[in-house]
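Colleague:
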Amino acid sequence: MKKILAAVLAAAVMCTSILALAGCGSEKKELHMATNAAFEPYEYQESGKVVGIDAEIAQAICDKLGYTLVIDDMEFDAIITAVTSGKADFGMAGMTVTEERKKSVDFTDPYTTAIQSIIVNEGETKVKTADDLSKATVGVQLGTTGDIYVSDLEGAKVERFSKGADAVLALTQKKVDAVVIDNEPAKKFVEQNKGTKILNEPFENEDYAICLKKGSELTEKFNKALKELKDDGTVKKIIDKYIKA
Ligand code: GLN
Numbered sequence: 366m367k368k369i370l371a372a373v374l375a376a377a378v379m380c381t382s383i384l385a386l387a388g389c390g391s392e393k394k395e396l397h398m399a400t401n402a403a404f405e406p407y408e409y410q411e412s413g414k415v416v417g418i419d420a421e422i423a424q425a426i427c428d429k430l431g432y433t434l435v436i437d438d439m440e441f442d443a444i445i446t447a448v449t450s451g452k453a454d455f456g457m458a459g460m461t462v463t464e465e466r467k468k469s470v471d472f473t474d475p476y477t478t479a480i481q482s483i484i485v486n487e488g489e490t491k492v493k494t495a496d497d498l499s500k501a502t503v504g505v506q507l508g509t510t511g512d513i514y515v516s517d518l519e520g521a522k523v524e525r526f527s528k529g530a531d532a533v534l535a536l537t538q539k540k541v542d543a544v545v546i547d548n549e550p551a552k553k554f555v556e557q558n559k560g561t562k563i564l565n566e567p568f569e570n571e572d573y574a575i576c577l578k579k580g581s582e583l584t585e586k587f588n589k590a591l592k593e594l595k596d597d598g599t600v601k602k603i604i605d606k607y608i609k610a
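Each step along the sequence shown adds one to the number in our numbering, with nothing skipped, and position 170 is 535.
Shown next as structure tokens:
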């Protein structure tokens, strides 16, 4: 009896370790992604779920690496702190790689590029070029590269909003003369707000990448998965699904 019990126990132990090694069953580890789901087409809420380019690329990376993806929605300017404090495993939010941010987090290789756009009301006479921003009141999203760019412009008055949509609302109410924000979300905002338009004056080329805690061993794994997903066309397919040429 004792022998049988020992054998059953040994078998059980072996099964569990094989399962753990294979990473199957309900043992799959979760990875938390910090984002701000108010940035269509990269991340936005749809029927209570966060969808978009970043959500899908993150899902593909997690599938490849054998993790369960959990998306945590927060303000954009809380994402880096969530990552550095370990509350989130990575941040992905149409986030531009900047030297300043590199001081607090590591970035993966870029997965796409973006440019800053200027949104104005139809018939706007004061802001016709990027140069005109320096004599205008400009709405931006707090803590973004648009915020940094406009804050550096001498003469520009900056109004900061926690959401891009609130900056655009202020524009339609003529509380600001222009909004500076990334080009693809800018297109969505203009679609959703009659009487606004994008100035044909793109500026500031940027790279989007995923940020991780400094020294995280996940970064290399993410880069490898990302490279495979770029090489086999998955990244392009996801981007093309959300951004129609
Ligand atoms: N690309 C901009 C940045 O990284 C804006 C990102 C965002 O608002 N989600 O600052």
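Don't be surprised by glycine CBs; every beta carbon is placed ideally from N, CA and C.
1) Suppose you measure from the CA of V415 to the CA of D437; what does that come to, to the nearest Å?
2) How would you write the range of the alpha helix (DSSP H) that V600 sits in, first residue to last?
3) Would you give the residue range spanned by the beta strand (DSSP E) that G511 belongs to?
4) Any chance the CB of T494 is under 7 Å from a heavy atom of ligand 1?
5) Could I get the ranges of all uninterrupted beta strand (DSSP E) runs contained in the stretch 416-477, with 3 residues as the minimum, in chain order?
6) Have a look at the DSSP bridge pairing and note the partners of F568.
7) Run through DSSP, which three-state label would N548 get?
8) What three-state label does DSSP hand N588 in the structure shown?
9) With DSSP as the reference, label V533 as helix, strand or coil.
10) Taking S469 as the reference, give the member of E549, T490, A447, A458 with the closest Cα.
Modeller: The answer reads as follows:
1) 9 Å
2) 599-607
3) From DSSP, G511 is part of no beta strand (DSSP E) but of the alpha helix (DSSP H) over 510-516.
4) no
5) 433-438, 470-472
6) Q481
7) helix
8) helix
9) helix
10) A447
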